[in-house]
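Residue numbers (my numbering): 534 to 653.
Heads up: the structure comes next, in structure tokens.
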Amino acid sequence: MYEVIKAGGFTNGGLNFDAKARRGSYTREDIFHSYIAGMDTFALGYKIALKLIEDGRIDKFVEDRYASWKTGIGADIISGKATMADLEKYALEKGEVTASLTSGRQEMLESILNNIMFSL
Numbered sequence: 534m535y536e537v538i539k540a541g542g543f544t545n546g547g548l549n550f551d552a553k554a555r556r557g558s559y560t561r562e563d564i565f566h567s568y569i570a571g572m573d574t575f576a577l578g579y580k581i582a583l584k585l586i587e588d589g590r591i592d593k594f595v596e597d598r599y600a601s602w603k604t605g606i607g608a609d610i611i612s613g614k615a616t617m618a619d620l621e622k623y624a625l626e627k628g629e630v631t632a633s634l635t636s637g638r639q640e641m642l643e644s645i646l647n648n649i650m651f652s653l
């Protein structure tokens, strides 16, 4: 739902509530409850996504993480200006980069998500 909201909602199409009961019983009542559970799940996801967007920490993280794509070789790649020769030259000039690798901060991001999910 986060990405749906960030994209401005649905421009066409929608959500698939075609929930299947994942067991032997396919009574109308079971199917009815599976649809309700699916709708409830999307509704909760929507509420959580709104809170994540309002909070702003994940957007800030993504902006900071990919800031290098706005200048230099990153901008050239995005704009389509960089050639394979440019990329080879850049990589050779950079040399060994393992010392400059940064963490993806997965645990921090999971903590933000959990904090918001469980505070509703």
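Yeah, the Cβ is synthetic: ideal placement off N, Cα and C, and Gly gets one too.
What you are looking at is a predicted structure, and each value in this text was computed from that prediction instead of being measured.
- Contact between residue 641 and residue 581 fails: their C-beta atoms lie close to 17 Å from each other, not under 8 Å.
- Here residue 615 carries a coil assignment [DSSP, helix/strand/coil].
- Rounded to the nearest whole angstrom, the CA to CA distance from residue 587 to residue 593 is 11 Å.
- Residue 585 is classed as buried because its beta carbon has at least 16 other beta carbons within 10 Å across all chains shown.
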